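Q:
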Amino acid sequence: MTTDQATALPPGTRSVGGARRDPAPPRRARRARRRLVPWFFVAPAVAFFVAFLLVPIGYALYLSFRGLRVEGSGAYGRRVEGFIGLDNYTAVFTDAEFLAGFGRLLGYGLIAVPCVLGLALLFALLLDTPRVRFAGFARTAIFLPYAVPGVIASLLWGFLYLPSTSPVSHLARELGGGPLDMLSYPTLYFSLANIALWSGVGFNMIIIYTSLRSIPSEIYEAARIDGASERTIALRIKVPLVAPALVLTGLFSIIGTIQLYSEPATLRPITTTISSTWVPLMKIYQEAFMNDNLGGAAAASVVLAVGTLLVSLVVLRFFQRRTFGGDA
Amino acid sequence: MTTPPRTRSAAGRFRLARALTAIAVGGATTVLAGCGAGSDEADGPVTLEFWTYSLKGADPAAQAIIDRYEEEHPGVTIRLSEVGGTAETSSKLLAADRADDVPDIVQVEYRALPSLVVSGVVRDITDDVADARENVDENVWALNSVDDRVYGVPQDIGPMMFTYRADLFERYGVEVPTTWEEYAAAAETIHAQDPDVYIASFSASQFEFFAAQAAQAGSRWWSADDEGWTVGIADEASLRTADFWQDLVDRDLVSVEPLLTPEWNAKINDGRILSWAAAAWAPSVLYSVAPDTAGQWAAAPLPQWTAGDPAVPFQGGSTYLVPEKSEHAEEAAEFAAWLGASDEGSELLLDLDLYPGGNGGRAATLESDPPRLMPEQTDFYAMADQVIQDTTIPMTWGPNVNVAQGAFSDALNQAALDGTPFRDVYTATQETVVEDLANSGYPVRR
Numbered sequence: 009m010t011t012d013q014a015t016a017l018p019p020g021t022r023s024v025g026g027a028r029r030d031p032a033p034p035r036r037a038r039r040a041r042r043r044l045v046p047w048f049f050v051a052p053a054v055a056f057f058v059a060f061l062l063v064p065i066g067y068a069l070y071l072s073f074r075g076l077r078v079e080g081s082g083a084y085g086r087r088v089e090g091f092i093g094l095d096n097y098t099a100v101f102t103d104a105e106f107l108a109g110f111g112r113l114l115g116y117g118l119i120a121v122p123c124v125l126g127l128a129l130l131f132a133l134l135l136d137t138p139r140v141r142f143a144g145f146a147r148t149a150i151f152l153p154y155a156v157p158g159v160i161a162s163l164l165w166g167f168l169y170l171p172s173t174s175p176v177s178h179l180a181r182e183l184g185g186g187p188l189d190m191l192s193y194p195t196l197y198f199s200l201a202n203i204a205l206w207s208g209v210g211f212n213m214i215i216i217y218t219s220l221r222s223i224p225s226e227i228y229e230a231a232r233i234d235g236a237s238e239r240t241i242a243l244r245i246k247v248p249l250v251a252p253a254l255v256l257t258g259l260f261s262i263i264g265t266i267q268l269y270s271e272p273a274t275l276r277p278i279t280t281t282i283s284s285t286w287v288p289l290m291k292i293y294q295e296a297f298m299n300d301n302l303g304g305a306a307a308a309s310v311v312l313a314v315g316t317l318l319v320s321l322v323v324l325r326f327f328q329r330r331t332f333g334g335d336a
Numbered sequence: 009m010t011t012p013p014r015t016r017s018a019a020g021r022f023r024l025a026r027a028l029t030a031i032a033v034g035g036a037t038t039v040l041a042g043c044g045a046g047s048d049e050a051d052g053p054v055t056l057e058f059w060t061y062s063l064k065g066a067d068p069a070a071q072a073i074i075d076r077y078e079e080e081h082p083g084v085t086i087r088l089s090e091v092g093g094t095a096e097t098s099s100k101l102l103a104a105d106r107a108d109d110v111p112d113i114v115q116v117e118y119r120a121l122p123s124l125v126v127s128g129v130v131r132d133i134t135d136d137v138a139d140a141r142e143n144v145d146e147n148v149w150a151l152n153s154v155d156d157r158v159y160g161v162p163q164d165i166g167p168m169m170f171t172y173r174a175d176l177f178e179r180y181g182v183e184v185p186t187t188w189e190e191y192a193a194a195a196e197t198i199h200a201q202d203p204d205v206y207i208a209s210f211s212a213s214q215f216e217f218f219a220a221q222a223a224q225a226g227s228r229w230w231s232a233d234d235e236g237w238t239v240g241i242a243d244e245a246s247l248r249t250a251d252f253w254q255d256l257v258d259r260d261l262v263s264v265e266p267l268l269t270p271e272w273n274a275k276i277n278d279g280r281i282l283s284w285a286a287a288a289w290a291p292s293v294l295y296s297v298a299p300d301t302a303g304q305w306a307a308a309p310l311p312q313w314t315a316g317d318p319a320v321p322f323q324g325g326s327t328y329l330v331p332e333k334s335e336h337a338e339e340a341a342e343f344a345a346w347l348g349a350s351d352e353g354s355e356l357l358l359d360l361d362l363y364p365g366g367n368g369g370r371a372a373t374l375e376s377d378p379p380r381l382m383p384e385q386t387d388f389y390a391m392a393d394q395v396i397q398d399t400t401i402p403m404t405w406g407p408n409v410n411v412a413q414g415a416f417s418d419a420l421n422q423a424a425l426d427g428t429p430f431r432d433v434y435t436a437t438q439e440t441v442v443e444d445l446a447n448s449g450y451p452v453r454r
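Chains as they are written, first to last, in our numbering: chain A, 9 to 336; chain B, 9 to 454.
1) To the nearest whole angstrom, what separates the beta carbons of T285/A and E105/A, a pair I think is in contact under 8 Å?
2) On the DSSP bridge assignment, give the partners of S231/B in chain order.
3) May I have the straight-line CA-CA distance separating E190/B from A174/B, to the nearest angstrom?
4) If you follow the beta strand (DSSP E) that R77/A is in, where does it begin and where does it stop?
5) Out of P64/A, N301/A, L164/A and F57/A, which one is the CA nearest neighbour of S270/A?
6) What does the alpha-carbon distance come out to for the pair P200/B and F215/B?
7) Among the residues of its own chain, which have a CB less than 7 Å from the CB of T173/A, if the five just before and after it don't count?
8) For A428/B, count neighbouring Cβ atoms within 10 angstroms of its own Cβ and tell me buried if that reaches 16, exposed if not.
9) Just list the residues that DSSP pairs R87/A with in beta bridges.
10) Determine the direct distance from the alpha carbon of L282/B to that of R179/B, and round the result to whole angstroms.
11) If you draw a straight line from the alpha carbon of P52/A to that of L357/B, how long is it in whole angstroms?
12) Less than 8 Å between the C-beta atoms of I86/B and F416/B, yes or no?
13) Rounded to whole angstroms, what is the Cα-Cα separation between F101/A and I160/A?
14) Could you please tell me which residues of the segment 147-176 of chain A, in chain order, have their CB closer than 9 Å to any CB of chain B?
15) Report the rounded CA-to-CA distance for G83/B versus P378/B, giving the unit in angstroms.
16) For the alpha helix (DSSP H) that P162/B lies in, which residues bound it at each end?
17) Would you please state the rounded distance, in angstroms, between the beta carbons of T134/B and R157/B? I believe it to be under 8 Å.
18) Near Y434/B, which residues of its chain fall below 7 Å by C-beta distance, leaving aside the five closest residues on each side in sequence?
19) For Y228/A, name the three-state secondary structure that DSSP assigns.
20) Is Y97/A helix, strand or coil by DSSP?
21) In chain order, which continuous runs of the alpha helix (DSSP H) of length 4 or greater are located wholly inside the segment 169-213 of chain B?
22) Are there any heavy atoms of the ligand NAP lying less than 7 Å away from the beta-carbon of W165/A, as far as the coordinates show?
23) Could you please give the first and the last residue of the uninterrupted beta strand (DSSP E) stretch that includes W59/B?
24) Would you give the residue range spanned by the alpha helix (DSSP H) that E80/B belongs to?
25) Strictly below 7 Å CB to CB, what residues from chain B border P277/A?
26) With a threshold of 16 other CB atoms inside 10 Å of the CB of P272/A, please say whether the residue is buried or exposed.
27) Would you check if the distance between the CB atom of Y363/B and the CB atom of P167/B is smaller than 8 Å?
28) With a threshold of 16 other CB atoms inside 10 Å of the CB of T440/B, please say whether the residue is buried or exposed.
29) Assign L329/B to buried or exposed, taking buried as 16 or more other Cβ atoms, counted over all protein chains shown, within 10 Å of its Cβ.
30) Assign P171/A to one of three DSSP states: helix, strand, or coil.
31) Name the residues in the segment 149-166 of chain B whose C-beta lies less than 8 Å from a C-beta of chain A; which are they?
32) Find out if the Cβ-Cβ distance for the pair I203/A, S162/A is shorter than 8 Å.
33) Indicate the three-state DSSP secondary structure (helix, strand or coil) for A288/A in the structure shown.
34) Kindly give me the distance between the Cβ atoms of N277/B and D300/B, rounded to whole angstroms, as I take these residues to be in contact under 8 Å.
35) Using CA atoms only, rank isn't needed, just tell me which of V262/B, D139/B and S376/B is closest to D202/B.
36) Chain A beta carbons: is any one of them nearer than 8 Å to that of L425/B?
See the structure below:
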């Protein structure tokens, strides 16, 4: 966004300056210098953009067309990196494991996303009611888990899920039941979604809550004079007005789902139900760093990135029409 | 009214797209960031960077080894660097090689050697370490060779042994199994008396164990000759070992779960998992998770398919390699030979609680106390030394062990959960491995 403003500004200043001053010969030189000034200001941003975004993307694209192939003959021929055309992409699209990973994401996402958003909205609305007590404490308490890194949250929950270390299982045994296996199918999806819920609700709640606070209170007063209850206000006024915030948090949650990695990767060593290629990012990691197949991993990354982009655009387009009154 | 929001959201969309692409692609390009070790001058003092997971900088015993070498070799400085286990070390070495910025000595497990050799990142040190050969037994030395060239010096080895709870075996009235048949019978006897107790856990991640057990049965998972590779993961001998585990899992005589998890550790401590068929390094691993059970354990040679046949392969253990692009390859090879093979070096390795591969270190084990897990088993090291002499089954690993390992463990876990045939896992892994070799361009016999 800095780039946009910086480039937008100079044409205006130039015409103002040009109108005021007139000596002919130095004018061209000064004009050339002035033309360079904006470039000078955007240079750092452009440099970072190129070095840390365009070049890596370009390199990943380049890598996705390359792979290790044997040079020479015999059982111990040397593997050399070279151009292999679309082989990596063919492998990605025919890889049942990679595609199955998207299926598992869907199962997880269908549980996690609605739960996270629903609870976040509920908590935000509750905190925004007029007679709420301990609002500050509650807000912090709900937000706090977000500050725990995903890997640590997963380890923590992992201990709570394993029958021998879990207090829940202990309680179940004391009450005469068997140990609970929270890491087997289909409970696993809920167990993973629960970690996302625990750490994600607070963050999304804050966004929705902030959006709620910016609604002018006159609207509520008018509604109350008309005899609306707090529940009606919440459902008929607040929810429609924070719809843009819901779309934003929803989009973040969907992207977060597609990028699911650290929770299953952290839980993998303690359970047999999570394979080394359980979600697409784990598969990419496995290819790149275990199987020494950087090209295949790059191709899968490109596919994942393009897929994420498409999903985001579809979601945005769909909701934009409704929430921002698109084609009106 | 319509235009302003539209432009705003379009810009927002673009920014978002940009962020998305950056995040998704970032993963693949992280490897660009190699490692940042400096290089030294050709003459004068030499600093050798040593990637190892056995010698930890904070461990006084490891530091004492380094100090000793530096004292004897003025001008040489060893810098220890812990970069992770075998898989991590291998991928980091590959990345470091591409970045032309490599360490000088690298420790990996033997199974990673062929893949590093065919990637061209490790140096042929046959001539540099020729003198060390006489200090290492032939079957141990063979672990460091690929295609008749030597690429490493052995640090430690894994003579296969069976570690078990002697007290609980006695309580449940079972003898130490000498064959896998007896093992299955013992599993049944134990589980029948207490449904919470199992003879062992069945962990699909123990890829090397399953490979070793198949080798015991006469299978060769990888073998190479002039015409290329032969993959035997699904040969008849190998499939018989699949049937063996299938039977135990189907009858619920082993607990299906990964090793060394909080869950597994708790069961080891509580006496709900009674044994671990692995190698001579197992007692020190078990001691680290269940020190309170010390004194209740004992060790025995691994069960066999045929009674009285003592032959086993090695399981685990690691080697010191010198990267092809190391600028101090000679000094590095000299250090590796000293630490792994010389009497002095391999004896010092014993202080790190591992089983040294050099003859000097092996001789020293016979004089030392038994592992802390089983202080009463005074013949532990004599037994282990006998196992090494009986380790006559050579293990040849292929250039794509990691591909096999990932495919095998995932599929075996899945099969154990779903109750589908284990034979299919071996067959599918065989296909994956053959396919991968062929894709890379290796000649493979189908």
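Glycine included, every Cβ here is placed at the ideal spot set by N, Cα and C.
Predicted, not measured: the structure shown is a model, and the values here were computed from it.
A: In short:
1) As a first step, residue 285/A is located in the first sequence; it is residue number 277 there, counting from the start. As a first step, residue 105/A is located in the first sequence; it is residue number 97 there, counting from the start. The Cβ separation is near 5 Å, so the contact holds.
2) Walking along the second sequence from the start, residue 231/B turns up at place 223. DSSP output for S231/B lists T238/B as bridge partner(s).
3) For this step, residue 190/B is matched to residue 182 along the second sequence. For this step, residue 174/B is matched to residue 166 along the second sequence. If I take the Cα positions, the gap works out to 16 Å.
4) Locating residue 77/A in the first sequence gives position 69, counting from the first residue. Run containing R77/A: R74 to E79, per the beta strand (DSSP E) assignment.
5) Reading the first sequence from its first residue, position 262 is the one you call residue 270/A. Ranked by Cα distance from S270/A, the first of P64/A, N301/A, L164/A and F57/A is L164/A.
6) Taking the first residue of the second sequence as 1, we reach residue 200/B at position 192. Taking the first residue of the second sequence as 1, we reach residue 215/B at position 207. According to the sequence displayed, residue 200/B carries Ala and not Pro. Those two C-alpha atoms are separated by around 28 Å.
7) The residue given as residue 173/A occupies position 165 in the first sequence. Here the set comprises F167.
8) Stepping through the second sequence from its first residue, residue 428/B is reached at position 420. The question names Ala, but residue 428/B in the sequence shown is Thr. By the 10 Å Cβ count, T428/B comes out exposed.
9) Working through the first sequence from its first residue, we reach residue 87/A at position 79. In DSSP, R87/A forms a bridge with V78/A.
10) If you number the second sequence from 1, residue 179/B lands on position 171. If you number the second sequence from 1, residue 282/B lands on position 274. Computed Cα separation, rounded: 12 Å.
11) Indexing the first sequence from 1 puts residue 52/A at position 44. Indexing the second sequence from 1 puts residue 357/B at position 349. Whole-angstrom Cα-Cα distance: 53 Å.
12) The residue you call residue 86/B lines up with position 78 of the second sequence. The residue you call residue 416/B lines up with position 408 of the second sequence. It is not a contact, given that the beta carbons lie outside the stated cut-off.
13) Here residue 101/A refers to the residue found at position 93 when the first sequence is read from its first residue. Here residue 160/A refers to the residue found at position 152 when the first sequence is read from its first residue. Cα to Cα, the separation comes out at about 33 Å.
14) Within the segment 147-176 of chain A, the residues whose Cβ lies closer than 9 Å to some Cβ of chain B are G166, F167, L170, P171, S172 and T173, listed in chain order.
15) Sequence index remark: in the second sequence, residue 83/B carries index 75 (1-based). Sequence index remark: in the second sequence, residue 378/B carries index 370 (1-based). Roughly 38 Å separates the two Cα atoms.
16) Here residue 162/B refers to the residue found at position 154 of the second sequence. In the DSSP assignment, P162/B falls outside any alpha helix (DSSP H) and within the unbroken beta strand (DSSP E) covering G160 to R173.
17) To locate residue 134/B, count along the second sequence from 1; it is residue 126. To locate residue 157/B, count along the second sequence from 1; it is residue 149. About 5 Å separates the beta carbon of T134/B from that of R157/B, a gap short enough to meet the 8 Å contact definition.
18) Numbered from 1 along the second sequence, position 426 holds the residue referred to as residue 434/B. Cβ neighbours of Y434/B beyond the five flanking positions: I241, A242, S246, L247 and A250.
19) Translated into the one-based positions of the first sequence, residue 228/A becomes position 220. Assignment of Y228/A by DSSP, reduced to helix, strand and coil, places it in the helix class.
20) For the purposes of this step, residue 97/A is identified with residue 89 of the first sequence, where counting begins at 1. DSSP places Y97/A in helix when its eight states are reduced to three.
21) Counting only unbroken stretches of 4 or more residues, the alpha helix (DSSP H) elements lying wholly within the segment 169-213 of chain B are 174-179 and 188-201, in sequence order.
22) As for the ligand NAP, it is missing from this structure, which has no ligand bound.
23) For this step, residue 59/B is matched to residue 51 along the second sequence. Boundaries of the beta strand (DSSP E) around W59/B: V54 to W59.
24) For the purposes of this step, residue 80/B is identified with residue 72 of the second sequence, where counting begins at 1. It spans P68 to E80 - the alpha helix (DSSP H) in which E80/B sits, taken as one unbroken run.
25) The residue you call residue 277/A lines up with position 269 of the first sequence. By Cβ distance, chain B contributes P266 and T269.
26) Here residue 272/A corresponds to residue number 264 of the first sequence, with the count starting at 1. Here P272/A is buried. Its C-beta has 16 or more other C-beta atoms within 10 Å.
27) The residue given as residue 363/B occupies position 355 in the second sequence. The residue given as residue 167/B occupies position 159 in the second sequence. Contact: yes.
28) Within the second sequence, residue 440/B is the residue found at index 432, counting from 1. By the 10 Å Cβ count, T440/B comes out buried.
29) Taking the first residue of the second sequence as 1, we reach residue 329/B at position 321. Classification for L329/B: buried.
30) Locating residue 171/A in the first sequence gives position 163, where the first residue counts as 1. Note: P171/A maps to coil in three-state DSSP.
31) If the cut-off is 8 Å between Cβ atoms, the segment 149-166 of chain B has V154 and D155 near chain A.
32) Mapped onto the first sequence, residue 203/A falls at position 195. Mapped onto the first sequence, residue 162/A falls at position 154. Yes, the pair counts as a contact, with Cβ atoms nearer than the cut-off.
33) Translated into positions along the first sequence, residue 288/A becomes position 280. It should be noted that the sequence gives Pro, not Ala, for residue 288/A. Correct three-state label for P288/A: helix.
34) Indexing the second sequence from 1 puts residue 277/B at position 269. Indexing the second sequence from 1 puts residue 300/B at position 292. Their Cβ separation, rounded to whole angstroms, is 7 Å, which keeps N277/B and D300/B in contact under 8 Å.
35) By one-based count along the second sequence, residue 202/B stands at place 194. Checked all of V262/B, D139/B and S376/B; the closest Cα to D202/B is V262/B.
36) Against the second sequence, residue 425/B aligns to sequence position 417. It does; some Cβ of chain A falls within 8 Å.
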